[in-house]
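Numbering (the working numbering), first residue to last: 1448 to 1632. In this text, a Cβ means the ideal position worked out from N, Cα and C, and glycines have one as well.
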């Protein structure tokens, strides 16, 4: 059963991994889909962590649902970001799960994916909660003032003189610009 995703342009794609598709991926990208399950799915993590390689693999695997050819690898890649990239990743992982002939390998991959998603959600929730608990408006104001100060912009604090530490540039410290072409002609 094909897995599906939609790109940024609203184009729907099917992803099915077969032995033939795995052979085409290996030939086109050098990635062995079957080997992704080895060494605790280390190859899977490496592939999903390398967006260029992942998108190249997906270009080989994905088929437009409307039957039209995909214009080019670049056009395909330009349709992937944010939710569409996440959808492509999910479709790939589910298609890979369906591909493995060993039921234990399929189940192991599904558990790795489920655990990884749960961990990712927990880490994000805890990070946001910590930021919310430890960040006050006063801290944000101080950080903004520091950033503005580092840019050399005038201070926005009330009742302050020009505390940016910058002085007007004099013409004496500015190198002259040639008014004609290279000398020696």
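- Any idea what DSSP makes of residue 1511, helix, strand or coil? strand
- Where are the alpha helix (DSSP H) runs, 4 residues long or more, that stay fully inside the stretch 1456-1495, in chain order? Fully enclosed alpha helix (DSSP H) runs of 4 or longer: 1466-1476.
- Three-state secondary structure (DSSP) at residue 1607? In this prediction, residue 1607 has a pLDDT of 48, which is less than 50 and means its spatial position is unreliable; what the coordinates show is noted afterwards. Residue state, collapsed to three classes: coil.
- Query: Are at least three pairs of beta-carbons, each pair with one atom in the stretch 1474-1488 and one in the stretch 1539-1547, less than 8 Å apart?
  - Reply: yes
- Query: Taking 8 Å as the CB-CB limit, is residue 1564 close to chain D?
  - Reply: Chain labels in this structure do not include chain D; a single protein chain is all it has.
- Give the straight-line distance between the Cα atoms of residue 1611 and residue 1571, rounded to the nearest whole angstrom. For residue 1611, the pLDDT reaches just 47, beneath the cut-off of 50, and the residue's location in the model is therefore unreliable, leaving the point undetermined.
- Message: Going by the DSSP bridge assignment, what does residue 1450 pair with across the sheet?
- Response: Bridge partners of residue 1450 according to DSSP: 1462.
- Query: Taking C-alpha atoms, which residue in 1474, 1554, 1458 lies nearest to residue 1488?
  - Reply: 1554
- Query: In chain order, what residues of the same chain lie with their CB nearer than 7 Å to the CB of residue 1449, ignoring the 5 residues before and after it?
  - Reply: 1461, 1462, 1463
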